[in-house]
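Peer 1:
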């Protein structure tokens with residue numbers, strides 16, 4: 401069995417600053433930890449607790465997304481942190497990772513990196529009442545996500561425009577994302593490859609991202625079904 405350990409890491413610590421790396425899928429807890437790179441809220445909480453004396457945090461994001469609830473928890477923890485936060489999207493901030501990226505006081509995206517925004521989705525089973533309730537829950541989650549996007553809109557951009565992009569599952573290059581959000585675009589770099597179990601679940605994943613992504617073992621869906629419940633499977 402593969403040995404799993406926490407690789408959510410801090411690098412380049414000084415008396416005043418530290419670099420945090422969120423490289424991997426966003427998960428709820430250890431029951432969902434299929435790969436060493438997976439990041440959960442407890443990882444972030446524990447690490448931020450160790451960095452309480454830092455006045456500057458550089459946060460590097462390269463993630464295909466994951467759990468809505470976990471991602472929102474990470475976003476809120478980062479947002480509350482008193483340090484001046486600069487987020488760098490090193491390759492991809494897809495799905496709920498696009499929300500995490502917006503926790504920065506400053507968000508830097510290379511012109512050839514990507515943000516992806518789309519509607520939350522889930523796997524569910526049950527009768528009509530259960531499925532209707534699940535649809536309502538998804539709508540409520542989407543409203544919360546849209547509030548984050550709304551807080552980070554470029555002046556003159558209406559939230560209805562972002563809603564259309566969300567409805568369509570839109571992959572925005574750095575240059576495209578700058579048209580809608582308060583981010584800084586820098587020149588194209590050799591972006592980091594992003595490995596994610598979610599790329600083959602999205603409808604419009606760019607071929608260049610799929611081609612660049614390292615091959616990873618598929619998660620055991622039967623095992624997931626044993627531990628799933630409706631809320632845990634809500635993902636963005």
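Numbering (this note's numbering), first residue to last: 401 to 636. Glycine included, every Cβ here is placed at the ideal spot set by N, Cα and C. Note that this is a predicted model, so its numbers are computed, not measured.
1. What does the alpha-carbon distance come out to for the pair residue 411 and residue 420?
2. Could you give the first and the last residue of the continuous beta strand (DSSP E) run that contains residue 348?
3. Mind the definition here: the stretch 471 to 485 touches the stretch 516 to 530 only if three or more C-beta pairs lie below 8 angstroms; say whether that holds.
4. Taking 7 angstroms as the cut-off, is the C-beta of residue 421 nearer than that to any heavy atom in the ligand FMN?
5. Should residue 436 go down as buried or exposed, given a rule of 16 or more other Cβ atoms within 10 Å for buried?
6. Distance check for residue 480 and residue 453, CA to CA, integer angstroms please.
7. Give the straight-line distance between the Cα atoms of residue 455 and residue 558, rounded to the nearest whole angstrom.
8. Is the stretch 542 to 553 close to the stretch 567 to 579, with three or more CB pairs under 8 angstroms?
9. Residue 405: buried (16+ other C-beta within 10 angstroms of its C-beta) or exposed?
10. Could you pull out every residue in the same chain whose Cβ sits closer than 6 angstroms to the Cβ of residue 488, ignoring the five residues on either side in sequence?
11. Just tell me which of 464, 439, 450, 503 has its CA closest to the CA of residue 581.
12. When the Cα atoms are used, what is the spatial distance from residue 500 to residue 512?
13. Alpha carbon to alpha carbon, how far is residue 498 from residue 556?
14. Which residues share a DSSP beta bridge with residue 420?
15. What does residue 524 pair with, by DSSP beta-bridge criteria?
16. Could you check where the beta strand (DSSP E) with residue 491 kicks off and where it finishes?
17. Can you find the residues in the same chain that come closer than 7 angstroms, C-beta to C-beta, to residue 585, ignoring five residues on each side of it along the sequence?
18. Under three-state DSSP, which class holds residue 575?
19. Which residues bound the beta strand (DSSP E) around residue 584?
20. Over the uninterrupted alpha helix (DSSP H) stretch that includes residue 439, give me the two end residues.
Peer 2: This is what the structure holds:
1. So the alpha carbons of these two residues sit roughly 7 angstroms apart.
2. Beyond the ends of the chain as shown, which are 401 and 636, falls residue 348; an answer cannot be given.
3. Using a C-beta cut-off of 8 angstroms, the stretch 471 to 485 makes no contact with the stretch 516 to 530, since fewer than three inter-stretch Cβ pairs fall below that distance.
4. The ligand FMN is absent from the structure shown, which contains no ligand whatsoever.
5. A residue is called buried when at least 16 other Cβ atoms come within 10 angstroms of its Cβ; residue 436 does not meet this threshold and is exposed.
6. Cα to Cα, the separation comes out at about 14 angstroms.
7. So the alpha carbons of these two residues sit roughly 33 angstroms apart.
8. With the cut-off at 8 angstroms, the stretch 542 to 553 and the stretch 567 to 579 do not touch.
9. At residue 405, the pLDDT of 38 sits below 50, so the modelled position is not reliable; the number obtained from the coordinates is stated separately. That one is exposed.
10. Here the set comprises 460, 508.
11. Across the set 464, 439, 450, 503, the C-alpha of 503 shows the shortest separation from the C-alpha of residue 581.
12. Rounded to whole angstroms, residue 500 to residue 512 spans 19 angstroms at the Cα level.
13. Here the alpha carbons of residue 556 and residue 498 stand approximately 21 angstroms from one another.
14. Answer is 410, 459, bridged to residue 420.
15. According to DSSP, which records beta bridges pairwise, residue 524 is partnered with nothing at all.
16. Counting along the chain, the beta strand (DSSP E) containing residue 491 begins and ends at 484 to 494.
17. In its chain, beyond the 5 residues on either side, 509, 511, 574, 575, 578 have a beta carbon closer than 7 angstroms to the beta carbon of residue 585.
18. The answer is helix: DSSP assigns residue 575 an H, G or I state.
19. Looking at the DSSP string, the run of the beta strand (DSSP E) that includes residue 584 is 584 to 586.
20. Per DSSP, residue 439 lies in no alpha helix (DSSP H) and is assigned neither H nor E.
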